[in-house]
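**Student:** Residue numbers (this note's numbering): -9 to 914.
The beta carbon of each residue, even a glycine, is placed where N, CA and C say it ideally should be.
Please read these numbers as outputs of a predicted model, since none were measured by experiment.
Take this structure first; my questions come after.
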């Protein structure tokens, strides 16, 4: 442990003591406390600022900063204690009961304080409380609170410490870290001795079990993964608390005194070095986090990640930003902490000194390994040295027999990773073992994760090793690339087993028809393999697939299919979520790339697991419906070879189904309604929506009303369909979009229709801001009321939406330059405009308002959000129903939409005045 340098520059206890002595000698007693507080505050702030200066200006390590802050506080405590006991409450002839010892516990007891950490103090008294001890403690606490310190405190006797430690694990742990600060040393030694004899001795197994259970509970609370993208550096999996748990256990069992490592006979010298390096890194990040946040913040939020990466000088590299490189380092350290934890527990178990661990029974043999208490073990220490392929085989055997792998054996594997050389990676046996784990329907995901934790995965498949701990700096991806991939493989297995049929009925059906399971599983494994390299990861990933697949034992045809799937793994989601599925050109273009029903089946399963493995809440029923629509439309083309007959059949079937559903309407009324809309409407809408629209139209017609609004809740799809029927007029869509935004709705999609008699019939798919359906009566009433008020002119969306924020302060960390893409080839009848921009309340309104101002009609809108990024796609025509082809006009469209995306004024003052006149004329 590196010593604190130049301590007197932090705080000079001698000078501070003299200053307090002068206060006692010269100032009235009534002014003592205020003067003492000022003197100590100046000294504390001076020391605190010097620690901060050394950290930022001299790049001092965070661990040294934590020790320095603890040292400053120690000196303050000692000076204050002496002043109070010698001047405020002096004792001429103290009794045996009038003794006091000041003890640091918790993190302060370890001598480690982050800049804004709480302080835990124990006022230790001999056997009963006395007025003198109470007065001293009270005076000290008031001074400390006046200094602005957060102090947790207790006054106890040694016997009370013993009793409470036996009852409460938190108190037991705090006392385990107890450190003498000042006062009666004999009293501290007495308490420490009793703690060891009456609390520690003979209770090691129970303490270890409790601490490991506590750790597991903490991990679960924090997300139970060390790869969440906004990790808690203190309490998260792989954080500082995990290292401290090892030290607590080592101290409890073996009396370890060094706070920054574990005994050399528990961890090797190399492992102890890893322990110290991990702890040093985590402390540096934690101290920086506190200083930058100016408070006790333990979570690496997106905005703090960027600031920390800049402070710690992580530079941008090809394919990875500085912040992504910093977070990759963090996740690798968190993984290393997990490795050390497993090794630590394995050593404890091997010593057989902790009775709660199962004693090793007689070893049974299984496929070249031993089995002890349900866990695989290497039969000899040099097994992996002699045959490195066993490092792959052991995971296959574990999977096939539903066995765990002993931590001691995992330690041996880590020590032999360097033996996974090129010749081993080319070994047919090794690749067969790996492929069997990958495609397993037993515990494939579990064992792939074990393989990754052990370092075997990335060493055997170096391309995968490059994405281990690779985070994606955005608010969409919840996990690192390797964790996302492993979760996706697990989802394929669950779909294949029929466990997710309710959520994914189509995938569950088609996965049984897939010709090669190996193709599907390997494609899922490799779909993101090239992330972080720069360039298009789909194209680079396909090249990697062509190289890796033959090594894994796939045929040439299978390799070609895997490479195609990796190259186009985003095709289906991009098409389903960003294109008009009722447009025949959409389906035609999609099918020209897919080419075969087998590829289509593979692609839909890959797409589903890729989306769902992004993180909780990303998948919803609406996305599932869009993917199913695209799948069935494409399947029809790929099987029949064309869609013309299919399209006409679908229109006819939907009309016949609606005719039957409207059995209480007259034949004349039904025929009149069926004739209102063109084929595009019948193709675009499902049968439930068609029925909803029919009833809405009839209600408006019968009431001679001007506007009709109807909402239908689809809880299973987590969305609400809002239908609007009114006289069509310019700017209608922008105003409705604005109204929905004001009502708190997030728009997923819009299908815009105009009847043959000039009425607008528009269907909007919406969710609330938490990704749920609007399903309460109050919410639905507010939606309808806001739409009516907006169309009536009493609500102005732009003013209301400008006051809303979407993500609080989170989105401030992300700077996204808008991009406008205009495509005249994606549709046979519309110009397709795609806008990529930073998501915000009012974005869709601004874009639709811009399109209205540009005199463009919106045929359909498709909205996709990826965390902080929005992708809004519009199918538009000019007012005559044609595409926009004039180059000058196209440039003007792009310019205006860029301004709208940035939240800038879209039109000049004269353009707005002209538009106001047009609006007034339209209303008249």
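Cβ of residue 580 within 8 Å of Cβ of residue 519?
**Tutor:** no
**Student:** Does the region 592 to 605 touch the region 676 to 690, meaning 3 or more C-beta pairs lie closer than 8 Å?
**Tutor:** no
**Student:** With DSSP run on the structure shown, which of helix, strand or coil describes residue 901?
**Tutor:** helix
**Student:** Run through the DSSP bridge pairs and tell me what residue 728 is partnered with.
**Tutor:** Note: residue 728 sits in no beta bridge, so no partner.
**Student:** Would you identify the three-state DSSP class for residue 741, choosing helix, strand or coil?
**Tutor:** strand
**Student:** Would DSSP call residue 753 helix, strand or coil?
**Tutor:** Note: residue 753 maps to strand in three-state DSSP.
**Student:** Between 811, 33, 841, which has its C-alpha nearest residue 3's C-alpha?
**Tutor:** 33
**Student:** Going by CA-CA distance only, name the one from 42, 281, 515, 871 that's closest to residue 849.
**Tutor:** 871
**Student:** Go ahead and label residue 878 buried or exposed: buried means 16 or more other beta carbons lie within 10 angstroms of its beta carbon, across all protein chains shown.
**Tutor:** exposed
**Student:** In angstroms, rounded to a whole number, what distance separates the CA positions of residue 860 and residue 311?
**Tutor:** Straight-line measurement puts the Cα of residue 311 at about 21 Å from the Cα of residue 860.
**Student:** Between which two residues does the beta strand (DSSP E) harbouring residue 812 extend?
**Tutor:** 809 to 813
**Student:** Kindly confirm or deny that the region 403 to 414 and the region 471 to 491 touch, where touching means at least three C-beta pairs closer than 8 Å.
**Tutor:** no
**Student:** Measuring CB atoms only, is the region 45 to 62 touching the region 118 to 135, in the sense that at least three cross pairs come out at less than 8 Å?
**Tutor:** Counting Cβ pairs under 8 Å, fewer than three are found: no touch.
**Student:** Could you spell out where the alpha helix (DSSP H) holding residue 471 opens and where it closes?
**Tutor:** 471 to 486
**Student:** Is residue 667 helix, strand or coil by DSSP?
**Tutor:** Residue state, collapsed to three classes: coil.
**Student:** Looking at the secondary structure, which residues open and close the alpha helix (DSSP H) in which residue 655 lies?
**Tutor:** Bounds of any alpha helix (DSSP H) do not take in residue 655, whose DSSP letter is neither H nor E.
**Student:** For residue 371, count neighbouring Cβ atoms within 10 angstroms of its own Cβ and tell me buried if that reaches 16, exposed if not.
**Tutor:** exposed
**Student:** Output the distance between the C-alpha atoms of residue 886 and residue 810, rounded to the nearest integer angstrom.
**Tutor:** 10 Å
**Student:** Quick one: measure Cβ to Cβ for residue 577 and residue 630, integer angstroms, because I've assumed they're closer than 8 Å.
**Tutor:** At roughly 12 Å, the Cβ-Cβ gap does not stay under 8 Å, so residue 577 and residue 630 are not in contact.
**Student:** Mind checking whether residue 846 and residue 868 have CB atoms under 8 Å apart?
**Tutor:** yes
**Student:** Name the two residues that bound the continuous beta strand (DSSP E) containing residue 862.
**Tutor:** 859 to 868
**Student:** Using a threshold of 8 Å, state whether the C-beta atoms of residue 389 and residue 427 are closer than that.
**Tutor:** yes
**Student:** For residue 604, does the three-state DSSP call read helix, strand or coil?
**Tutor:** Residue 604 sits in coil when the DSSP states are folded into three classes, being neither helix nor strand.
**Student:** Let me check understanding here. Comparing Cα to Cα, which of 189, 361, 280, 353 lies closest to residue 106?
**Tutor:** 280
**Student:** Quick one: what's got a C-beta closer than 8 Å to residue 124's C-beta in the same chain, skipping five residues either side?
**Tutor:** 145
**Student:** Skipping 5 residues on each side, what residues in its chain have a beta carbon closer than 7 Å to that of residue 827?
**Tutor:** The beta carbon of residue 827 is closer than 7 Å to those of 806, 808, 833, 860, 891 in its chain, skipping five residues each way along the sequence.
**Student:** Does the beta-carbon of residue 117 have 16 or more other beta-carbons within 10 angstroms, so that it is buried, or is it exposed?
**Tutor:** exposed
**Student:** Work out the CA separation of residue 360 and residue 383 for me, nearest whole Å.
**Tutor:** 13 Å
**Student:** Excluding the 5 residues preceding and the 5 following residue 446 in the sequence, name in chain order all residues of the same chain whose CB lies nearer than 8 Å to its CB.
**Tutor:** 381, 382, 385, 403, 407, 410
**Student:** Answer yes or no: does any C-beta atom of chain C fall closer than 8 Å to that of residue 570?
**Tutor:** Protein chains in the displayed structure number just one, and chain C is not present.
**Student:** How would you write the range of the beta strand (DSSP E) that residue 717 sits in, first residue to last?
**Tutor:** 709 to 717
**Student:** Between residue 899 and residue 670, what straight-line distance do the alpha-carbon atoms span, to the nearest angstrom?
**Tutor:** 38 Å
**Student:** Which residue marks the beginning of the beta strand (DSSP E) containing residue 172, and which one marks its end?
**Tutor:** 169 to 173
**Student:** Indicate the three-state DSSP secondary structure (helix, strand or coil) for residue 141 in the structure shown.
**Tutor:** strand
**Student:** Could you tell me the distance, in whole angstroms, from the CA atom of residue 697 to the CA atom of residue 505?
**Tutor:** 53 Å
**Student:** Express the C-alpha separation of residue 480 and residue 60 in angstroms, rounding to a whole number.
**Tutor:** 47 Å
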